[in-house]
Amino acid sequence: MNIYVCVKQTVDLQQVRIRKETREPVLDGVPLTIGNIDKNALEEGVRLRDKLGGKVIGVSAGSEELNDTIKEALAMGADEAIMIIAPELEGAESSTVAMALAKAIEKTGEIGIILLGEGSSDNYSGQVGPRIAEILDLPQITYVSSLEAEGNTVKAVRNLEDCFETVEAEMPVVVSVVSEINEPRIPAVTQILKAGRKPKQIYSPAELGVEIAGSQIKTISNLAPEQDRKRLLFQEGVGQDVKSLVAALESEGLLGR
Amino acid sequence: MAAILVFSERDEVAFQLLGEANKLGEQLGMEVAAAALGLSDADGFLSRGVSTVYTAKNEELKDFEASVYAQALEQVAKQADAAIILLGSTRRGKELAGRLAQKMKVGSLTDAGRLEVIDGRVVCSRNAFGGATVAAQTILEGIQVIAVSPSAGEAPAAAEPSGSVAEVALVLEPARIKKVATAPKSQDSANIEGAEVLVCVGKGLAGEAELKMVDELAQALGGLVACTKPLATDEKWLPEERIVGLSGKIGKPALAICLGISGQVQFTVGIRDAGTIVAVNTDQNAFIFQMADYGIVGDLHQVVPELTAALKG
Ligand SMILES: Cc1cc2nc3c(=O)[nH]c(=O)nc-3n(C[C@H](O)[C@H](O)[C@H](O)COP(=O)(O)OP(=O)(O)OC[C@H]3O[C@@H](n4cnc5c(N)ncnc54)[C@H](O)[C@@H]3O)c2cc1C
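Residue numbers (this note's numbering), protein chains in the order written: chain U, 907 to 1163; chain C, 16 to 328.
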């Protein structure tokens, strides 16, 4: 039985700066990394494998640069990796990515659980998991904050706005996790070294029968909202700073509400 | 006539969506229909100006399950000749959006804030790059499945109903997920979105006991205590309803005070519309100071009691 973990390569959002004049995000030279919540999904996959046996297979779709991200997944404990590589897959919309991931998973072998993060770090739309479930005609359990598996049955607690919902389903099943499910490990150096030698399978979309048609979603603009802040720093010692702050808030009419 | 079909598993969210749907309907010349499935309140839709409310009596709809509701909505959408399907961008609504859009082989957008009509299509503004930017996006072809942020709209006032109810016979495959238990969360009634003053606290806070001084500051300012995500989800010192940011609440206070918060984009997106932002942080290079009007470089545990005292003084 295989546990598939879908991971997305994104720019490191902490390092994205905004070009002041145009308010455009500057992406050149920003390092790529694995999505934050994807790491929780990987950790959960590895934890389940250690209990149930089988293999953890990291799956990702994107451009040539995917190698680094996939290596991070392998270092965190995935046994194998599948990459679907095509220039058009870089930043592709959810429906395209979901189709590529689903077809690659279907081709690879028996599915136990397909794990994902609740949403990607950059787009955070949460659409890929449910789309994969629909493509492969599988049940989906989203926003999972605790996961157990016994034989072929998974038991999950979902963290929803108004309640925690405990559900059960038979494998194969698609599960998306929230970040509080676990604390992802930081891979040891020996694991990082081993990662390079683990098996990797590369597909092109054509090999999977995935057609990348024109996009359905058009981004008309993508700009940082206007921010005009005073950026006054008080550094005269707590007593004086508090006085300065209170005076500033007073003069703006923000006190006495 | 083509229609805008509104659905949410929570009636109060669906009623809010009606406000948006009515505006779009007017501009696009479409009628507004609603799917009142499960335990939903068909009369509530009628009295808010919906022309057709679709209902179904299937046993499978008793509990919300995404794959079953996706089947149901696909069938209702056909019946209603829906060109646009508006869902609530709750967690259940988002998982439904993906499943339904894939079933219908169409595009979907979630977490949509403002909606506009351009060239006959709906353009949604939504946060991108974790909230660093706001993207205007549109679905180019086919039926548009759009999940709208619950706080984006206002429900129309109830009035004399004019529309009609159409009961549809749905053919549904049963759920393959079994619900075993639900534990309701204690509902925190604090209205973070509407607060005039927010005192936000982050991982710089030493411990749960120190929340008391934060509370006192909030009281002195006439504001509410809010927090970053790890404080609620990891430390569990505050309820998740108090989280501000991309996966929490988006506030618009006159004043936001950020205590011991580094200022990562997923948080700052929740306060960037604040009138005035104040930050207290020990690290003078913390990103939050870039976002702040006034900053104090210092230990929040010293600053907060002094500030509270000065305000009371
Ligand atoms: C998809 C996604 C969605 C997310 N959604 C949200 C969201 O909605 N809301 C959210 O908040 N986060 C969200 N996050 C998490 C976010 O990326 C950050 O991890 C989080 O905001 C950091 O919280 P923090 O600033 O409290 O903690 P930290 O980043 O750890 O910062 C703590 C700060 O406290 C300062 N400090 C330490 N001691 C003191 C002291 N004694 N006095 C004063 N300052 C001190 C430190 O200098 C530091 O700057 C999301 C992440 C992802 C990937």
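Positions of the beta carbon are idealized from the N, C-alpha and C atoms, including for glycine. Note that the structure is a prediction, hence the values are computed from the model and not measured.
query	result
Chain C residues whose Cβ lies nearer than 9 Å to that of Asn-946(U)	Per Cβ cutoff of 9 Å: no residues; Asn-946(U) is ~11 Å from chain C at best.
Rounded distance between the beta-carbons of Asp-944(U) and Lys-914(U), thought under 8 Å	6 Å
Where the alpha helix (DSSP H) containing Gly-310(C) begins and where it ends	Element bounds for Gly-310(C): not the alpha helix (DSSP H) but the beta strand (DSSP E), 309 to 312.
Beta-carbon spacing of Leu-15(C), Leu-220(C) below 8 Å	One cannot answer for residue 15(C) here, as it falls past the ends of chain C, which runs 16 to 328.
Cβ pair Glu-1040(U), Gln-117(C) closer than 8 Å	yes
Where Glu-156(C) meets chain U, residues with beta-carbon distance less than 8 Å	Gln-1122
Heavy atom of ligand 1 within 7 Å of Ile-192(C) beta-carbon	no
Beta-bridge pairing of Pro-199(C) - partner residues as DSSP gives them	Cys-1069(U)
Given 8 Å, three or more beta-carbon pairs between the stretch 998 to 1011 of chain U and the stretch 43 to 52 of chain C	no
Phe-282(C) Cβ short of 7 Å to ligand 1 heavy atom set	yes
Neighbouring residues, chain C, relative to Leu-995(U) (Cβ below 7 Å)	The premise fails here: Leu-995(U) is roughly 17 Å from chain C at the closest Cβ pair, so nothing lies under 7 Å.
Reduced DSSP category for Ala-29(C) - H, G, I as helix; E, B as strand; rest coil	helix
Beta-carbon neighbours of Asp-934(U), restricted to chain C and to distances below 9 Å	Chain C residues near Asp-934(U): none, gap ~14 Å exceeds 9 Å.
Heavy atom of ligand 1 within 7 Å of Asp-288(C) beta-carbon	no
Start-to-end residues for the alpha helix (DSSP H) that takes in Lys-1124(U)	Segment 1123 to 1129 is the beta strand (DSSP E) holding Lys-1124(U); no alpha helix (DSSP H) there.
Residue closest to Ala-17(C), alpha-carbon to alpha-carbon, out of Ser-66(C), Arg-257(C) and Ile-311(C)	Ser-66(C)
heavy atom of ligand 1 below 7 Å from Ser-204(C) C-beta	no
C-beta neighbour in chain C for Ile-940(U), strict 8 Å	no
Close Cβ partners of Ala-269(C) (< 8 Å) along its chain, the five nearest in sequence each way excluded	Glu-211, Val-212, Ala-289, Gly-290 and Thr-291
Enclosing beta strand (DSSP E) for Glu-1040(U) [first to last residue]	Segment 1034 to 1041 is the alpha helix (DSSP H) holding Glu-1040(U); no beta strand (DSSP E) there.
Residue nearest to Ala-112(C) in terms of C-alpha spacing, selected from Lys-1100(U), Ile-963(U) and Pro-1036(U)	Pro-1036(U)
Expected contact under 8 Å - CB spacing of Glu-223(C) and Ala-71(C) to nearest Å	Incorrect: roughly 47 Å between the Cβ atoms, too far for contact.
Reference Ala-1094(U); option with closest CA among Gly-983(U), Thr-975(U) and Ile-1126(U)	Gly-983(U)
Gly-209(C) versus Ala-307(C): straight-line alpha-carbon distance, rounded	21 Å
Reduced DSSP category for Ile-1173(U) - H, G, I as helix; E, B as strand; rest coil	Since the first residue shown for chain U is 907 and the last is 1163, residue 1173(U) is missing from the structure and cannot be characterised.
Ser-1085(U), DSSP secondary structure in three states	helix
Under 9 Å from the C-beta of Cys-1069(U): neighbouring residues of chain C	Thr-197, Ala-198, Pro-199 and Lys-200
For Gln-281(C), the first and last residue of its enclosing alpha helix (DSSP H)	280 to 283
Contact set between the stretch 1097 to 1127 of chain U and chain C, restricted to residues whose Cβ is under 9 Å from the partner	Gly-1120, Ser-1121, Gln-1122, Ile-1123, Lys-1124, Thr-1125, Ile-1126 and Ser-1127
Integer-rounded CB distance, given that Gly-997(U) should sit under 8 Å from Ala-947(U)	With 8 Å as the limit, Ala-947(U) and Gly-997(U) do not qualify as a contact, their Cβ atoms being about 20 Å apart.
C-beta neighbour in chain U for Gly-219(C), strict 8 Å	no
Chain C within 8 Å of Arg-1037(U), Cβ atoms only	yes
Alpha-carbon spacing of Thr-1125(U) relative to Glu-930(U), whole angstroms	13 Å
Nearest neighbour of Gly-122(C), chosen from Ala-1075(U), Val-1034(U) and Ser-1027(U) [CA to CA]	Val-1034(U)
Neighbour flag for Ser-55(C) against chain U, beta carbons, 8 Å	no
Minimum Cβ-Cβ distance from Tyr-309(C) to chain U less than 8 Å	yes
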